[in-house]
Amino acid sequence: MPKRTELPALSAAESRQWAVFLHLAGFANYVGIPFGSILGPLVLWLLKRDQSEFVNECGKEALNFHLSMLIFSLISIPLIFVFVGFFTLLAISIIEIIFTIIAMVKASDGEIYRYPLSIRFIS
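All residue numbers for the sequence shown refer to this note's numbering, where the first residue is 250 and numbers rise by one.
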């Protein structure tokens with residue numbers, strides 16, 4: 250098994266920048282990438298989590314939130330047949346957009362944002 254090389258730590262400014270990108274990557278599903286809200290943050294988190302504890306924490310928060318939103322959306326799909334699903338899917342999308350924007354602003358200020366309504370899959 251090859252040795253894993255140690256990556257240089259990110260500066261505080263770089264950490265904030267990558268954390269913003271992690272949260273921003275959650276919008277990937279809105280530009281047509283299937284499961285992009287999970288894949289985008291996951292890829293960035295896996296690439297940068299060892300270089301910054303701040304990026305690691307923001308990545309876990311983003312993944313937990315977008316996984317939770319995916320589960321809530323999947324639960325809402327059968328409710329479309331009784332017309333409630335349209336409203337719940339719309340509400341989930343609005344919540345996802347608003348909370349992701351808040352998380353991006355907090356990350357740019359160097360704060361870890363704890364998403365509400367988030368199930369803690371990754372701790």
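Where is the CB? At the ideal position from N, CA and C, for every residue including glycine.
query	result
So, for Gly334: in the same chain, excluding its five sequence neighbours on each side, which residues have a beta-carbon less than 8 Å away from its beta-carbon?	Ser325, Ile326, Pro327, Leu328
Please determine, among Ile320, Phe336, Asp358, the residue with the shortest C-alpha to C-alpha distance to Ser367.	Ile320
Just the Cα atoms here: how many angstroms apart are Asn278 and Phe303?	24 Å
If we require 3 or more residues per run, which beta strand (DSSP E) segments fall completely within the region 273-330?	none
CA-CA distance, Asn313 and Gly289?	13 Å
Quick one: what does DSSP say Leu259 is sitting in, helix, strand or coil?	coil
So Lys309 and Ile351 are supposed to be a Cβ contact under 8 Å. How far apart are they, rounded?	That pair is no contact at about 17 Å.
Could you give the residue range of the alpha helix (DSSP H) that holds Glu360?	Glu360 -> no alpha helix (DSSP H), and no H or E assigned at all.
Here's a check: name, in chain order, each residue in its chain whose Cβ is nearer than 6 Å to the Cβ of Trp267, leaving out the five neighbours to either side.	Lys297, Val304
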